[in-house]
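Okay, structure first, notes after.
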Amino acid sequence: MNAIVDISHLSARYGRTMALDDVSLQVDKGELFGVIGPDGAGKSTLYKILATLMPPASGGASVCGLDIVKDYRDVRSRIGYMPERFSLYKDLSVQENLKFFAALFGVSVKKNFDLIAPIFRQLERFPDRKAGALSGGMKQKLALSCALIHRPEILLLDEPTTGVDAVSRSEFWDILQSLKNQGITILVSTSYMDEANLCERIAMIDRGRILGTDTPARLVARLGERLFAARADNMFRLLEELRRLPQVKECYTFGANLHAVVSDDFDPQQAARMMEHCGLKGVSITPAEGTIEDLFIKLTANEQ
Amino acid sequence: MAILNALIKKESLHIIRDPRTLLITLLMPLVLLLLFGFAISTEVRNIRICAVVDRHTDETRAILERFRNNEYFDFQGLVASTEQNRMLEEGLTDAILILRTATGNMESQIIVDASNTTMAQAATGYIESMVSGQSGNSPIISSTLYNPQLKSSYNFVPGIMGMIFILICAIMTSVSIVREKETGTLNLLIVSPIRAATIILGKLIPYFILSAVILAIVLMLAYGVLGMPYSPASIVNVVLFSLLYILLSLSIGLLISALVRTQLAALIVSAVAFMLPVVMLSGMIFPIDNLPIVLQWVSAVIPARWYIAAMRKIMVQEIGIGFLVGELTILASTTAVLLTLAIVKFKSAVR
Amino acid sequence: MNNSEYAITVKDLTKKFGDFTAVDRITFDVRKGEIFGFLGANGAGKTTAMRMLCGLSVPTSGNGRVAGFDIVRQAEMIKRRIGYMSQNFSLYQNLTAEENLRLFGTIYGLSDREIKTRSQRLFQDLDMESMRGKRVGDIPVGWKQKLAFVAATIHLPEIVFLDEPTGGVDPVTRRKFWELIYKATADGMTVFVTTHYLDEAEYCNRVSIMVDGRIEALDSPDNLKKRYDADTMDEVFRMVAKNAKRAE
């Protein structure tokens with residue numbers, strides 16, 4: 001077994017609410033692993049337990065072969081944890097924050113600078129700026145630098161891209177890719193479904209339970225539904241009309257299109273004609289490729 | 305050690321970069337001391353008094369003369385007996401002294417406006433002694449020890465010190481730790497390999513130093529500006545007791561920070577659970593002997609009570625530490641218990 | 656009443672903080688009943704611009720009209736005719752759903768009877784009858800979000816401003832929320848919305864993309880995709896925003 005993170009039957013609760021319910025996961029060494037799920041799914045709780053900030057209610061986990069409860073002190077020097085919220089000292093400068101976190105782990109900034117150099121390049125221009133005065137993307141890079149400065153074996157990144165714009169997000173994923181290439185195992189969580197494809201393997205999580213763990217492609221293959229993309233001049237009306245068709249099991253907006261999950265007897269040409277009959281114009285209904293988001297909707301829709 | 309240095313340096317930067325809090329922290333002791341030292345006083349002065357005399361004798365003239373010359377009284381002159389009620393009702397005077405000599409023997413009566421009880425009590429006492437002092441009865445020789453001028457500032461300085469250190473140590477320490485809980489940085493400290501004890505020291509040392517600086521300011525003011533009596537031995541005792549008390553207050557701050565989650569809660573708990581009792585029940589303003597018996601019991605568990613009592617003995621009476629074993633034992637053991645409790649709680653909170 | 660065909664018209668709107676130009680001469684119109692997507696990188700000036708439109712911040716120069724009123728001189732009139740909802744769902748957690756609606760209705764000067772009939776209808780429309788008496792703190796996030804939208808629109812504003820209303824919300828809830836937005840515009844309401852989810856940009860009638868305080872692109876999603884030769888709004892956004900110099 002080559003799993004560097006091994007979680008088995010982990011449960012956690014806050015009062016009466018189950019935050020994590022029998023979660024089992026294995027992450028291999030050097031993997032870029034995604035934990036995908038909406039707010040409140042239990043991602044942050046999972047991270048807190050792995051970071052040894054919170055004990056599990058039952059079950060257990062090991063990191064680098066070390067038990068997160070028994071060997072918590074050793075675990076702490078192996079991991080780099082970046083919490084969900086921006087957690088650096090806002091009244092300290094870029095330089096002071098980095099030095100402080102290096103000192104906490106008893107390392108010198110100079111010795112490990114090569115690891116963070118590509119990330120830190122933009123920040124170097126204003127070493128004396130207070131962390132609180134940095135932009136969202138810059139804060140995120142400083143936080144990542146501080147989490148990396150002691151050269152951890154595993155990076156635990158809890159929603160690093162929440163509230164960050166699309167351009168900064170894709171830059172951030174480039175950085176993660178290059179860190180992975182240097183051999184660091186990365187466990188990253190996100191509520192953006194489209195980021196799933198940037199991971200080697202993902203675990204889909206909702207309401208404290210794992211819905212599935214696999215490569216994005218294999219997970220999508222599990223969707224096992226006929227899927228069509230539809231569009232017309234009035235999308236909202238199209239949505240309402242398609243939902244009336246008995247062959248349409250599920251219909252929802254999907255970017256510029258609607259996605260319709262349909263039964264075997266669905267005929268796209270006939271459906272398009274019916275839509276035009278309802279007064280809609282420019283109707284097109286074409287076969288569509290499923291995505292992680294489609295799978296997520298399928299797996300969670302019934303519960304809502 | 306390098307880690308502790310980094311923590312202390314970081315904490316110092318937090319303190320320095322928040323100039324508003326720092327200014328308040330340093331100014332507050334100053335303002336409180338000067339306010340209580342000069343402006344607020346329980347001594348009663350300038351009591352306005354009128355006299356009603358039916359027939360003057362040498363005796364009545366002598367009494368009135370004494371009132372005219374006394375700095376505590378503002379003698380407003382003689383009024384007709386028909387005027388006396390109006391004077392009091394309209395608040396034109398605080399007290400009326402009635403002297404009747406028509407029967408041969410002098411009879412005296414004092415009417416005092418008691419809407420301000422402190423003033424009324426003091427005034428009654430003063431007037432009685434001024435009148436009876438000359439009445440030929442056996443004189444009372446009174447001598448006040450330790451604070452011959454009865455300066456109330458002597459009484460307040462220890463009380464203010466008892467309040468300031470709770471305020472600064474407990475509130476600032478707890479707020480600074482809880483702020484790190486709120487921003488999430490405490491979690492980052494916890495997930496680093498440093499020990500909880502190091503985190504605690506990293507918080508306590510900077511605030512201990514800050515408190516020591518404030519102690520120095522307070523003492524300079526007390527001795528230099530307010531002119532409290534001092535001797536090298538008493539100063540040593542004051543510093544010793546104060547540092548112990550500072551440590552105790554820091555423990556309270558640490559304990560609060562382990563128990564609450566938000567800065568606001570830390571502030572409220574510090575203020576309501578610790579500041580108020582210090583002000584009301586520690587003997588700082590109201591003498592403990594005057595409190596209802598239940599509150600006297602409560603006051604016994606307030607550390608500030610013992611600190612203030614000890615400080616009064618050292619600063620005002622200038623007595624040696626040998627007479628303070630009781631206070632010292634209580635403070636030291638409370639500190640030990642609180643600090644242990646705080647460390648245990650904090651450690652289990654951060655593991 | 657606002658008789659023009661535009662809900663919002665803005666000309667050369669500028670906001671400077673010291674020598675920093677947060678919003679740099681932006682000009683655009685939003686038609687009545689339109690869903691207008693207001694996109695931009697972090698720090699591009701979206702929030703500042705939105706605050707000016709809501710009458711919460713006075714522009715340094717330029718002018719604009721919202722719901723027919725001048726954003727400088729008639730800010731108070733504007734506040735009564737717009738609704739605002741932010742990511743944090745500004746509801747009172749320890750009041751019930753119904754109490755929240757009554758509170759916001761009262762703030763906007765509705766009569767008791769109006770509040771009663773409107774909230775009754777809204778709870779029915781949204782299938783939220785069972786949530787009426789529950790404290791907002793105990794309601795699942797999806798319902799909370801709907802409720803926040805309802806609270807922001809209980810006074811039937813001409814325009815509702817939505818500031819990242821779907822951040823971190825799961826895909827199913829996000830979609831249900833957009834259906835709610837569609838329904839509101841079908842009733843004639845104008846929607847002005849910011850989001851980081853670029854698939855949501857596709858649902859807008861028109862979209863503007865702000866970069867470094869200026870509006871760099873403004874058109875319907877289809878036209879933007881054609882112009883930038885892109886398949887999705889995500890690509891369009893990356894092409895437009897990648898040259899941003901500043902960040903916040």
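Protein chains in written order, with this note's numbering: chain L, 1 to 304; chain H, 305 to 655; chain A, 656 to 903. Each residue gets a CB set at the ideal place from its N, CA and C atoms; glycine is no exception.
- With 16 or more other Cβ atoms inside 10 Å of its own Cβ, L/A260 counts as buried.
- If you check the CB distance, L/A301 and A/V827 come in under 8 Å.
- When the alpha-carbon of L/C64 is set against those of L/A41, L/D22, L/G80, L/R201, the nearest one is in L/G80.
- Among the CB atoms of chain H, none fall inside 8 Å of the CB of L/L115.
- A/F672: member of the beta strand (DSSP E) spanning 661 to 672, first to last residue.
- Residue range 477 to 487 is occupied by the alpha helix (DSSP H) that includes H/E484.
- DSSP, reduced to helix, strand and coil, places H/I498 outside both helices and strands of the structure shown, so it counts as coil.
- Linking A/S716 to H/L317 through their CA atoms gives a straight-line distance of about 40 Å.
- CA-CA distance, A/E731 to A/G710, rounds to 7 Å.
- For A/K831, the enclosing alpha helix (DSSP H) stretches over residues 826 to 841.
- When A/W833, A/L668, A/G788, A/D667 are compared, the shortest CA-CA separation from A/L750 is found for A/G788.
- For the 8 Å CB-CB criterion, L/T161 and L/R151 do not form a contact.
- The CB of A/A899 comes closer than 8 Å to the CB of V167 in chain L, given here in chain order.
- Relative to the Cα of L/L50, the nearest Cα in the group L/M274, L/V5, L/G132 belongs to L/V5.
- With fewer than 16 other Cβ atoms inside 10 Å of its own Cβ, L/G132 counts as exposed.
- Per DSSP, reduced to three states, the secondary structure at L/S135 is coil, with no helix or strand assignment.
- At least one C-beta of chain A is nearer than 8 Å to the C-beta of L/Y252.
- Here H/I464 really is in contact with H/L336; their C-beta atoms are around 5 Å apart, less than 8 Å.
- When C-beta distances to chain L are compared with 9 Å, the residues of the region 822 to 842 of chain A below that value are G822, G823, V824, D825, P826, V827, T828, R829, R830, K831, W833, E834, Y837, K838, T840, A841, in chain order.
- For L/T52, a Cβ of chain H is located within less than 8 Å of the residue's own Cβ.
- Excluding its 5 nearest sequence neighbours in each direction, H/L525 has C-beta neighbours in its own chain below 7 Å: L334, L337, listed in chain order.
- When DSSP states are grouped into helix, strand and coil, L/H277 belongs to the helix group.
- Shown here for A/R869: same chain residues with a beta carbon closer than 6 Å to its own, the five before and five after excluded, namely D679 in chain order.
- Positions of the alpha helix (DSSP H) runs, each at least 4 residues long and wholly inside the region 521 to 565 of chain H, are given as 536 to 563 in order along the chain.
- For A/R893, at least one C-beta of chain L is nearer than 8 Å to its own C-beta.
- Each residue's CA atom was taken as its position, placing L/D265 and L/Q247 some 7 Å apart.
- H/C354 and H/Q621 have their C-alpha atoms some 39 Å from each other.
- The three-state reading of DSSP puts L/C251 in strand, counting E and B together.
- In this structure, L/A288 is the residue among L/E195, L/P216, L/Q269, L/A288 with its C-alpha nearest to the C-alpha of L/E225.
- The straight-line gap separating the alpha-carbon atoms of A/E753 and A/T808 is approximately 14 Å.
- Taking 8 Å as the threshold, the shortest C-beta distance from L/S77 to chain A does not fall below it.
- Under the Cβ criterion of 8 Å, A/Y858 is counted among the residues facing chain L.
- Any Cβ of chain L closer than 8 Å to the Cβ of H/K507 would place that residue at the interface, and such an atom is absent.
- Annotated three-state conformation of A/I733 is helix, per DSSP.
- Residue pairing from DSSP places L/Y81 in a beta bridge opposite L/L156.
- By the CB criterion at 8 Å, A/F804 and A/M740 fall inside the cutoff.
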